[in-house]
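Residue numbers (the numbering used here), protein chains in the order written: chain A, 3 to 341; chain B, 3 to 341; chain C, 3 to 341; chain D, 3 to 341. All C-beta atoms in this analysis are idealised placements derived from N, C-alpha and C, irrespective of residue type, glycine included. Before any comments, here is the structure.
See below:
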């Protein structure tokens with residue numbers, strides 16, 4: 003970190019600051035300029051953030067500036083090559099685009115099996131479906147629970163697709179792991195550190211969704227909670243951030259895709275359904291995500307969105323999904339990937 | 003809800019929409035204007051949000067507009083009078099301003115007892131301190147755990163102050179309840195519904211902090227998760243939202259105070275430490291929160307912020323806290339409250 | 003608009019509200035439901051926004067909800083087919099992707115002519131360059147003024163490219179019109195209505211950039227200021243919005259592209275340079291914009307970005323621009339457009 | 003500024019970076035740490051922002067970090083004491099709270115004179131009223147123009163209050179200066195540099211409103227455009243920023259008040275009408291602004307808000323304004339100011 007001194011700082015203050023820097027375990031090198039003096043504090047202390055806060059309060063200090071990326075195991079410095087990992091019979095990361103598709107909520111055996119077969123035929127590689135639903139209001143449908151997991155597993159087995167589903171609660175984790183090939187952590191739980199630690203220990207591949215107002219750096223640190231427990235099979239999912247714009251439900255942060263690809267070796271998935279909130283914008287944003295370098299897509303598909311129990315308004319019908327995959331294939335080829 | 007039809011919609015489309023509205027269990031009343039036709043759909047269906055999404059997809063529909071507040075038990079319509087409840091020997095809500103003060107993290111017996119006695123003397127009514135800390139990075143100090151709870155309880159008992167502390171994980175809830183008089187749910191867990199349900203069942207008073215990008219309506223629905231489990235002793239804490247501004251760590255949403263006071267009977271607390279991120283702005287924003295009608299403040303106080311293990315940069319020293327309380331008292335009196 | 007009454011509203015209040023609605027020139031049709039009463043107010047009054055505010059204040063009113071799009075001449079309802087217009091020898095809109103390229107600032111004859119020839123060769127269709135620069139600080143380079151315009155015109159003529167440049171001040175408009183083929187209105191002036199009206203009267207094609215926090219609906223109304231003066235040759239430019247994210251300078255609102263294409267017949271251009279702020283993210287976001295349906299790109303190209311007088315950090319070198327165009331061509335083909 | 007090198011940077015890269023730093027006119031001092039090398043670049047070059055961008059692109063550079071405040075004449079370093087200046091017969095800044103009150107738009111002689119006398123009696127010190135209105139839609143009321151200025155002047159003279167009104171267009175500036183005692187620059191024109199320069203030359207006191215997404219640092223640089231032209235009579239007006247929250251029209255950035263008071267000697271005014279958008283929240287936010295240290299308030303008052311031609315929904319009636327002033331007086335006294 004770098005400690006910048008006020009123009010008005012005294013030599014006495016400088017000495018005390020240097021002393022503090024050393025006490026916290028850093029080397030301190032002083033650079034005196036004409037108008038400003040700065041101190042370079044080099045070291046890798048665990049409590050760096052806190053040290054920065056504290057130094058910032060000392061008399062004579064104008065600012066304290068960090069200089070290193072806080073994420074480690076997920077960084078390109080730690081591992082330069084793109085990570086790939088298996089989810090059931092498919093590989094996430096690398097040349098092949100991952101296509102996660104399925105309904106927001108599992109509603110019945112017929113529904114999930116019909117959708118599973120349909121998306122499989124169109125080119126999907128992983129089946130999604132929610133059994134435990136995080137709902138803004140306690141008075142709305144909360145998901146089918148274990149019954150839903152059983153149906154999802156059945157639909158995965160029949161269609162030959164591995165399955166991903168969300169876990170909301172540490173106490174349900176064993177149950178979910180029993181059925182699922184990949185665990186989803188939802189946007190609202192992106193910084194639920196208790197859940198992250200537990201899932202990190204579970205050793206199942208993880209689809210980690212970005213929080214609605216999680217910065218890219220914070221998002222990488224959320225992933226780091228999983229990696230630090232030894233689980234390296236983590237895919238990051240951009241699903242739209244919260245901004246002032248109200249024409250769409252969220253603002254899909256397309257910039258996050260090249261930024262993440264630069265900073266981390268983990269695969270990056272785009273979710274244009276939550277990223278826009280309206281089915282008619284899903285396909286264009288899906289194409290955009292692929293063009294920007296995403297390693298895959300997560301899309302909501304429902305055979306009858308008009309009567310879906312949740313998120314019907316942002317779900318594609320199977321036919322539209324099939325059309326989307328066709329066009330996505332061409333764009334993927336244009337940038338050297340395959341569906 | 004109201005269904006607005008496109009200018010170009012046909013009579014046939016209108017009929018189908020009316021049919022759908024009725025099928026979902028609402029009465030449908032059609033209003034034909036010169037340029038637009040609208041349908042008033044009245045009813046209190048549990049899946050209203052979903053019905054709106056679905057109706058929005060029918061041919062001929064331009065927009066679907068909600069008309070009712072989704073929160074119920076927390077609303078002024080449910081209970082018009084301001085709620086008050088006891089936390090240990092003090093009352094939250096009503097005429098008396100609640101003053102929650104203490105360090106971000108519990109660090110040692112000396113630290114917490116010294117701070118407890120000091121803030122009690124200055125006028126604090128509840129002692130705060132973190133034993134389980136939600137940290138952005140997995141590589142930073144995560145709190146003292148149960149040892150911290152024991153010390154906090156001791157400091158509360160010695161100073162005569164009830165204590166509030168955060169719970170991060172459902173599995174720690176019983177432990178925290180054993181020691182604490184009030185349970186804090188932090189900003190990152192504001193929409194952790196598993197935790198909300200568990201704490202709602204615990205029947206301890208709750209301090210629920212607003213999420214960084216939780217809208218006021220969503221915040222009220224988070225509280226509703228607690229209320230719906232039968233726990234009516236909930237205080238809402240505004241602690242700053244995430245915006246584009248970088249001069250402060252968060253933007254304290256002062257508007258939220260009168261808006262919440264209008265919409266809910268629950269007490270509203272302001273947290274100017276997290277709301278600004280810098281100790282020098284804590285006092286002015288504390289005064290502002292009181293002037294805007296807050297029922298209390300939550301402030302970080304540390305006897306030695308320069309070496310605090312977390313949040314030192316936004317903590318007040320005991321002497322500054324005492325000065326702040328003096329001035330806060332005058333402003334509270336000006337608007338008819340008491341410290 | 004729709005006026006929603008409070009559950010507690012009285013018949014007397016209802017009558018007064020209906021009276022007010024009629025007085026403002028609307029038809030009023032009352033829908034009484036079990037729990038709520040609503041009034042459909044139909045009409046096309048000029049002061050609708052104001053009427054809504056006023057009705058919102060009457061006793062017994064819970065909310066007033068708009069139901070029509072406020073933009074007219076730019077809307078798909080007014081004109082369903084995509085607009086196209088000529089800028090010099092090229093057409094903006096339609097099948098051909100517009101490629102606007104050139105330096106942020108015009109700096110010298112050599113610089114602008116070299117870049118013009120280079121981008122022309124790579125496939126650019128319009129040359130850009132700033133002569134009047136809007137700078138955050140008054141102490142930084144403000145552009146070459148008329149001298150810059152002369153050089154840009156010369157570079158356009160030599161390379162055979164039409165030119166676009168920004169106007170900041172109504173008093174410079176005649177001067178800029180003398181040289182330029184297309185007028186740019188910058189993000190900071192997106193809601194400078196005096197400038198919009200003057201440019202609307204100037205009858206030159208316009209490149210209107212979205213303001214940093216202008217909603218899509220407001221953006222369409224800014225364009226409406228130009229259209230209402232009779233200037234229908236307007237292209238809308240998405241250039242990133244301001245959000246909490248700090249990893250990039252702005253957040254490119256990729257959603258805005260399909261949303262705008264749905265709501266308006268005007269061509270939509272993407273600016274990935276300002277939309278990200280870093281040259282290394284420009285190409286992926288350019289591809290994304292095309293994939294999402296943009297009618298063109300505006301990109302900053304500098305032959306020597308390391309010594310550019312402005313925006314060097316987000317400028318492509320000519321060689322990188324050429325590579326970007328190659329790949330963009332393939333993606334454009336994939337979705338049925340041409341470069 | 004400070005240049006931070008990548009861990010992987012070579013000595014050759016370091017040399018080239020040092021060379022570039024010196025070429026741009028800075029002293030370069032290298033600090034080699036165990037894991038990182040940094041270069042302190044000290045100097046006060048006009049093109050610092052650009053130099054930072056350019057250095058950021060050199061091979062081996064990880065980040066470039068600024069260390070000085072970019073604003074100068076408005077800074078506390080330039081002038082430590084709070085600025086005060088006269089507007090007609092009243093002083094803005096210092097011990098006395100400025101109370102700017104009046105309708106959004108001037109509508110008629112009766113209207114403006116009645117309001118002027120009423121707000122004067124309640125304690126207002128400056129009369130406001132719009133003659134040129136910046137409206138989101140071109141199809142809504144745009145103000146009375148010069149006729150409005152004449153009426154406002156008359157109302158000011160009759161009531162004994164100096165007057166402030168907005169200028170939208172450089173070409174109207176002479177006209178506005180002929181009538182007004184203080185010139186308002188609106189939020190949408192906060193970064194309209196042509197207008198800022200012209201008003202800076204006009205030598206009338208200025209009320210500069212913050213843009214909807216202008217950061218505090220940018221806001222200070224907007225003021226700098228005025229100061230750099232020699233106009234030092236500038237008051238800064240916080241009027242709410244644009245965030246994700248939709249319960250209010252804008253989010254009043256209460257934090258901006260202490261931050262601005264720390265960074266600049268210019269007076270700071272709070273506008274709770276635009277800052278909230280609803281009359282029922284105006285008073286609480288007005289109290290909050292005073293408590294946080296504002297030097298004054300700007301409030302919309304209308305004798306008949308139900309039929310106001312603009313902003314009726316956020317205007318106070320004269321009686322409510324009088325009540326607000328009474329309570330504001332007590333809070334002002336509590337923090338050592340006077341109304």
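- Below the 7 Å Cβ cutoff, chain D contributes 31, 33, 42 as neighbours of residue 33(A), in chain order.
- With at least 16 other beta carbons inside 10 angstroms of its own, residue 221(C) counts as buried.
- For residue 241(C), the nearest beta carbon of chain D is not closer than 8 Å to its own beta carbon.
- For residue 42(A), the uninterrupted beta strand (DSSP E) run begins and ends at 39-44, by DSSP.
- The count of Cβ pairs closer than 8 Å, one atom from the segment 112-123 of chain B and one from the segment 183-195 of chain B, stays below three, leaving the stretches out of contact.
- Scanning the segment 309-335 of chain B for uninterrupted alpha helix (DSSP H) segments of 4 residues or longer gives nothing; none is fully contained.
- For residue 327(B) against residue 105(B), the beta-carbon gap comes to about 17 Å, at or over 8 Å, which does not count as contact.
- Cα atoms of residue 333(A) and residue 289(A): separation of roughly 7 Å, rounded to the nearest angstrom.
- The beta strand (DSSP E) runs of length 3 or more contained entirely in the segment 47-113 of chain A are, from start to end of the chain, 63-67, 87-89, 92-94, 100-104.
- Sequence-ordered contacts of the segment 293-324 of chain C with chain A read 293, 294, 295 [C-beta pairs closer than 8 Å].
- Residue state for residue 131(B) is assigned as coil, using DSSP reduced to three classes.
- In terms of Cα proximity to residue 138(C), the closest of 107(D), 143(D), 111(D), 50(D) is 50(D).
- Within the segment 254-286 of chain A, no residue places its CB atom closer than 9 Å to a CB of chain D.
- CA-CA distance, residue 107(D) to residue 17(B), rounds to 45 Å.
- Taking the Cβ atoms as the reference, residue 296(A) lies roughly 10 Å from residue 337(A), outside the contact range of under 8 Å.
- Nearest C-alpha to residue 235(B) among 280(B), 113(B), 186(B): 186(B).
- Contact of residue 214(D) with chain C by beta-carbon distance below 7 Å involves 215.
- With respect to residue 223(C), residue 268(C) sits apart: the two C-beta atoms are not nearer than 8 Å.
- Interface flag for residue 230(D) against chain C is set, since a Cβ pair is found closer than 8 Å.
- The C-beta separation of residue 277(A) from residue 242(A) comes to about 4 Å, placing the pair in contact by the 8 Å criterion.
- Residue 203(C) and residue 254(C) have their alpha carbons spaced roughly 30 Å apart.
- For residue 182(D), there is no enclosing alpha helix (DSSP H), since its DSSP letter is neither H nor E.
- In the three-state DSSP reduction, residue 339(C) falls in the coil class, being neither helix nor strand.
- Taking 8 Å as the threshold, the shortest C-beta distance from residue 182(C) to chain D does not fall below it.
- When Cβ-Cβ separations below 8 Å define contact, residue 190(C) makes contact with chain D.
- DSSP places residue 224(C) within a helical segment (H, G or I) once states are collapsed to three.
- Residue environment for residue 317(C): buried (at least 16 other C-beta atoms within 10 angstroms of its C-beta).
- By the neighbour-count criterion, in which 16 or more other beta carbons inside 10 Å mark a residue as buried, residue 215(B) falls on the buried side.
- For residue 256(B), there is no enclosing alpha helix (DSSP H), since its DSSP letter is neither H nor E.
- A Cβ-Cβ distance of about 6 Å is found for the pair residue 174(A) and residue 134(A), placing them in contact under the 8 Å criterion.
- Neighbours of residue 339(A) across chain C, judged by C-beta separation under 9 Å, do not exist; the nearest C-beta is about 12 Å away.
- At least one CB atom of chain A sits nearer than 8 Å to the CB of residue 140(B).
- Residue 279(B) places its beta carbon less than 8 Å from that of residue 250(B).
- Residues 133, 181 of the same chain have their beta carbon placed closer than 6 Å to that of residue 151(D), with the five preceding and five following residues left out of the count.
- By the Cβ-count criterion, residue 194(A) is buried, with 16 or more other Cβ atoms from all chains shown falling within 10 Å of its own Cβ.
- Rounded to whole angstroms, residue 76(C) and residue 101(C) show a C-alpha spacing of 23 Å.
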